[in-house]
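**Q**
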Amino acid sequence: MINDAALAQKPTLHGPTITLVPLAARHTEPMWRFTADEETNRLTGTRQTFTHDQIRTWCATRAEQPDRLDLAVEDPATGRFLGELALNDLDRDNASASFRIALTPGSTGRGIGTEATRLLLRHAFEEVRLHRVHLEVWAFNERAARAYEKAGFVLEGRARQAHHWAGEFHDVLHMAALRDEWLAAQPQAY
372 MINDAALAQK PTLHGPTITL VPLAARHTEP MWRFTADEET NRLTGTRQTF THDQIRTWCA
432 TRAEQPDRLD LAVEDPATGR FLGELALNDL DRDNASASFR IALTPGSTGR GIGTEATRLL
492 LRHAFEEVRL HRVHLEVWAF NERAARAYEK AGFVLEGRAR QAHHWAGEFH DVLHMAALRD
552 EWLAAQPQAY
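Using this note's numbering, you'd call the opening residue of the sequence shown number 372 and step up by one each time.
(1) Helix or strand or just coil, what does DSSP make of H502?
(2) Kindly list the residues whose CB is nearer than 7 Å to the CB of D460, restricted to its own chain and excluding five residues on each side of it in sequence; keep chain order.
(3) Any chance you could list the beta strand (DSSP E) runs of at least 3 consecutive residues sitting entirely within the region 493-539, in chain order?
(4) State yes or no: is the C-beta of V499 within less than 9 Å of the C-beta of L391?
(5) Check whether the region 511-530 touches the region 482-499, counting contact only when three or more Cβ pairs, one atom from each stretch, lie closer than 8 Å.
(6) Measuring only the C-alpha atoms, how far is V444 from E552?
(7) With distances taken Cα to Cα, identify the nearest neighbour of A407 among P393, Q425 and H535.
(8) By alpha-carbon positions, which one of A431, Q380, N512 and R493 ends up nearest to G416?
(9) Where does the unbroken beta strand (DSSP E) through T390 begin, and where does it stop?
(10) Verify whether the separation of the beta carbon atoms of H545 and R529 is less than 9 Å.
(11) Can you tell me whether P387 is buried or exposed? The criterion is at least 16 other CB atoms within 10 Å of its CB, across all chains shown.
(12) Counting only the same chain and skipping the five closest in sequence on each side, list residues whose C-beta sits under 7 Å from that of D438.
(13) What do you get for R463, buried or exposed, if any count of 16 or more other CB atoms within 10 angstroms of its CB means buried?
(14) Skipping 5 residues on each side, what residues in its chain have a beta carbon closer than 7 Å to that of L492?
(15) For T475 versus G454, is the C-beta spacing smaller than 9 Å?
(16) Between A431, T383, H385 and L414, which has its C-alpha nearest M402's C-alpha?
(17) Within its chain, find whatever has a CB closer than 6 Å to the CB of E400; leave out the 5 residues flanking it on each side and keep chain order.
(18) In the DSSP assignment, what are the bridge partners of A548?
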């Protein structure tokens with residue numbers, strides 16, 4: 372059912388305003404700066420502090436991972452790093468995977484997240500042949516939840532007070548996109 376080659380061969384995906392490229396060693400510097408941003412860490416729930424060496428190793432080894440897809444979001448005109456996204460936690464038995472995305476602070480609020488998510492979902496459903504792609508988003512990250520909805524994710528549930536951050540508990544929203552529903556709702560020329 373799943374096309375493993377579509378995960379193992381890291382694609383470059385072109386959208387109207389962005390390009391998704393395989394995350395690689397050349398992304399180390401912007402990725403390292405990005406992981407040190409407090410607001411990004413709050414929105415993604417990242418608690419770990421990473422060293423430069425850890426980020427370099429992470430970026431350099433993504434192409435070797437046959438069961439996940441890590442891509443950098445870039446400006447096609449300048450090659451500027453705008454963020455990263457991933458299909459991970461592959462469940463072959465159920466033809467599903469988890470999705471995550473994080474954009475650099477200057478890249479939010481411009482539709483980049485929605486465009487990047489649509490590009491990756493199209494690849495996940497048409498090429499990888501997944502049946503379901505799911506995610507979690509903190510309820511306080513309303514901008515991300517709206518972007519996910521615009522990209523085709525549907526709210527499936529809410530885990531009440533399941534995320535603890537800065538001394539407070541927050542709800543976690545569970546969202547998913549299903550292959551047949553998503554493909555039927557998308558314009559063909561994207």
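Every residue gets a Cβ at the ideal spot worked out from N, C-alpha and C, and that includes glycine.
Since this is a predicted model, take the numbers as computed values, not measurements.
**A** Quick answer:
(1) The residue labelled residue 502 in the question sits at position 131 within the sequence shown. Reduced to three states, the DSSP call for H502 is coil.
(2) For the purposes of this step, residue 460 is identified with residue 89 of the sequence shown, where counting begins at 1. A468 and S469.
(3) 503-509 and 525-536
(4) Within the sequence shown, residue 499 is the residue found at index 128, counting from 1. Within the sequence shown, residue 391 is the residue found at index 20, counting from 1. Here V499 is not near L391, since their CB atoms are 9 Å or more apart.
(5) Yes, they touch.
(6) Here residue 444 corresponds to residue number 73 of the sequence shown, with the count starting at 1. Here residue 552 corresponds to residue number 181 of the sequence shown, with the count starting at 1. If I take the Cα positions, the gap works out to 25 Å.
(7) Numbered from 1 along the sequence shown, position 36 holds the residue referred to as residue 407. Residue Q425 is the option with its Cα nearest to A407.
(8) Here residue 416 corresponds to residue number 45 of the sequence shown, with the count starting at 1. Of the listed residues, the one whose Cα sits closest to G416 is N512.
(9) By one-based count along the sequence shown, residue 390 stands at place 19. Note, T390: beta strand (DSSP E), T390 to P393.
(10) Here residue 545 refers to the residue found at position 174 of the sequence shown. Here residue 529 refers to the residue found at position 158 of the sequence shown. Yes. Within cutoff.
(11) Counting from one through the sequence shown, the residue named residue 387 turns up at place 16. Burial call: exposed.
(12) Taking the first residue of the sequence shown as 1, we reach residue 438 at position 67. Excluding positions up to five away in sequence, the list reads L378 and L461.
(13) In the sequence shown, the residue the question calls residue 463 occupies position 92. So R463 ends up on the exposed side.
(14) As a position in the sequence shown, residue 492 is number 121, starting the count at 1. Result list for L492: V504, A522, G523, A548 and W553, in chain order.
(15) Position 104 of the sequence shown, counted from the start, is the residue given in the question as residue 475. Position 83 of the sequence shown, counted from the start, is the residue given in the question as residue 454. The answer is yes: Cβ separation under 9 Å.
(16) The count along the sequence shown starts at 1 and reaches residue 402 at position 31. Nearest option by C-alpha distance: A431.
(17) Taking the sequence shown and counting its residues from 1, the one referred to as residue 400 is at position 29. If you ignore the 5 residues before and after E400, its C-beta comes within less than 6 Å of no other C-beta in its own chain.
(18) For the purposes of this step, residue 548 is identified with residue 177 of the sequence shown, where counting begins at 1. V504, per the DSSP bridge assignment.
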